[in-house]
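Enquirer: Let me begin by handing over the structure; questions about it come next.
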Amino acid sequence: MNKDLLLSRLWEQYKSITPSAQKIHALLEQNGETIKNDHIAIRTYNDARVNISVLEKPFVKAGYVAKGEYFFESKKLFAKHYEHATDANAPRIFISELELEKCSEDLQNSVKTLLDGCDQSVFEKEDLVLSGAVWNANSYDTYVSLLEESEYAAWMYVYGFRANHFTINVNALTDFENLEELNAYLKDNNWKMNASGGEIKGTPEQLLEQSSTLADLYAVTFDEGVKYIPSCYYEFALRYPMLNGELYQGFIAASADKIFESTDVKLQRMN
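Under UniProt numbering, think of the first position of the sequence shown as 1, with each following residue one higher.
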C-alpha cells in the first residue's frame, strides 16, 4: 500500500468515529486555512503479534524511517516516531504500545485471551493497522475491568487498530499567531479542550507546544447495551526552530503523557 492511500484510509477510518475532527477541519477551512497534518498516532499492545515492530511495517514499506523513542513510566507505555525519508511534507507517525509485562496478571491474561481468540492469520495482514478490533469486543464488563487499571488498554479493547488521533500543524495556519489564539477560537466555537497538565503542553523552550480536544463520545454496542465510550480526538502542534534554524521534529514525553489523557473517561466526566 503506498503512502498516500495508507494515510487516506487512516483519515477516513478516524473521522468515521470522530465527527468533531471533520467539523473542526471544515471550520478552519471555511476561514481560509489550509490544513496540514503534523502527525498521526496509533496505539497497540507489546505482544509480539501486534507490537510496534508489526504495526510499523506498512509505514516502513511506504518510506518511513524510525527517528525517536519515548518512555511513559506512569502509563507503562513505550513509543517510537517515524518520519518519511523523502517527503518532508508527510505527517510523522507516532506508534505507542502498552508494556504488558508491567501490568497486572489479570490484564495480561485478558489481552492474551483476546489475541489468542483471533484467527492468527489476521496479524499477518498488511492492513492490520486499519483493522479496528479484530477480536470480539462485545463485553462492557471487560471494558470496565481493563479501564480500572489502564484507560489505554480499555480503549484498545474497544477500538483496536486505527489512528487514535490526527494533528493539525499550527505552523501552517495563517490566522493564528500562537496556540493560545487557536485554543480560544476553538472554545468560542464550543469545543472542549484537554486541560490535564494545562491546556497547552510544552513550552517554546522545549521547541514544541501541543493541545487537544477531548475525545468524542461514540455509541458502542455491547452485550449489556449501548454505551458511549471516548473514541478519538484532534490534536494541535506548534513547533519551534532549533539552533540550526530548522523546526524541531520530535516529541516531548511529558507533554505526550498528558495528551494521551484526551481519551480518559475521567476528563469527560469533569467536563
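Backbone N, C-alpha and C fix where the C-beta goes; we use that ideal spot for every residue, glycine too.
#1: Who pairs with M193 in a beta bridge, going by DSSP?
#2: Buried or exposed, going by whether 16 or more other CB atoms sit within 10 Å of the CB of F161?
#3: Can you tell me where the beta strand (DSSP E) with N164 in it begins and where it stops?
#4: Given this structure, state the Cα-to-Cα distance separating L100 from S150, to the nearest angstrom.
#5: Between which residues of its own chain and T44 is the CB-CB distance below 6 Å, once the five residues before and five after are set aside?
#6: Keeping to the same chain, check which residues put their C-beta closer than 8 Å to that of N271; ignore five residues upstream and five downstream.
#7: In three-state DSSP terms, what is P204?
#8: Quick one: give me the first and last residue of the beta strand (DSSP E) that F78 is part of.
#9: Which ranges would you report for the alpha helix (DSSP H) in the region 233–265 if only whole runs of at least 4 residues count?
#10: Taking the alpha carbon of L238 as the point to measure from, which residue in A253, G202, P19 has its own alpha carbon closest?
#11: Along the chain, where does the alpha helix (DSSP H) containing F59 start, and where does it finish?
#12: Comparing C-alpha positions only, which one of N2, R92, E12, P204 sits nearest to Q249?
#13: Could you check what DSSP says for T221 in three-state terms: helix, strand or coil?
#14: Between which two residues does the alpha helix (DSSP H) carrying R49 extend?
#15: Can you confirm whether the region 105–121 touches the region 168–175 when touching is taken to mean that 3 or more C-beta pairs between the two stretches lie within less than 8 Å?
#16: Which term fits R269, buried or exposed, when burial requires 16 or more other beta carbons within 10 angstroms of its beta carbon?
#17: If you reduce the DSSP assignment to three classes, tell me which class L173 lands in.
Expert: The relevant details are as follows:
#1: Against the sequence shown, residue 193 aligns to sequence position 193. Per DSSP, T213.
#2: Looking up residue 161 in the sequence shown gives position 161. That one is buried.
#3: Numbered from its first residue, the sequence shown carries residue 164 at position 164. It spans 163–169 - the beta strand (DSSP E) in which N164 sits, taken as one unbroken run.
#4: Walking along the sequence shown from the start, residue 100 turns up at place 100. Walking along the sequence shown from the start, residue 150 turns up at place 150. Spanning the two alpha carbons is a distance of roughly 11 Å.
#5: The sequence position of residue 44 within the sequence shown is 44, counting from 1. Cβ within range, chain order: V50, L55, E97.
#6: Residue 271 sits at position 271 when you count from the first residue of the sequence shown. Residue confidence is low: N271 scores 46 on pLDDT, short of 50, so the model does not pin down where it sits. Its coordinate-derived value is still stated next. Closer than 8 Å at the Cβ level, and outside the excluded window around N271, lie K192, L214.
#7: The sequence position of residue 204 within the sequence shown is 204, counting from 1. P204: helix per DSSP, three-state reduction.
#8: For the purposes of this step, residue 78 is taken as residue 78 along the sequence shown, with counting starting at 1. 77–84 is the extent of the beta strand (DSSP E) around F78.
#9: 253–259
#10: Against the sequence shown, residue 238 aligns to sequence position 238. The candidate whose alpha carbon is nearest that of L238 is G202.
#11: Here residue 59 refers to the residue found at position 59 of the sequence shown. That run of the alpha helix (DSSP H) goes 57–61.
#12: Stepping through the sequence shown from its first residue, residue 249 is reached at position 249. Closest option to Q249, Cα to Cα, is R92.
#13: The sequence position of residue 221 within the sequence shown is 221, counting from 1. In this structure, T221 counts as strand in the three-state DSSP scheme.
#14: One-based indexing of the sequence shown puts residue 49 at position 49. Per DSSP, R49 belongs to no alpha helix (DSSP H) and is neither H nor E.
#15: No: the two stretches stay apart, fewer than three of their Cβ pairs being nearer than 8 Å.
#16: Position 269 of the sequence shown, counting from 1, holds the residue named residue 269. For R269, the predicted model reports a pLDDT of 49, less than 50, meaning its position is unreliable; a value from the coordinates is still stated below. When all chains shown are included, R269 counts as exposed.
#17: Position 173 of the sequence shown, counted from the start, is the residue given in the question as residue 173. Residue state, collapsed to three classes: coil.
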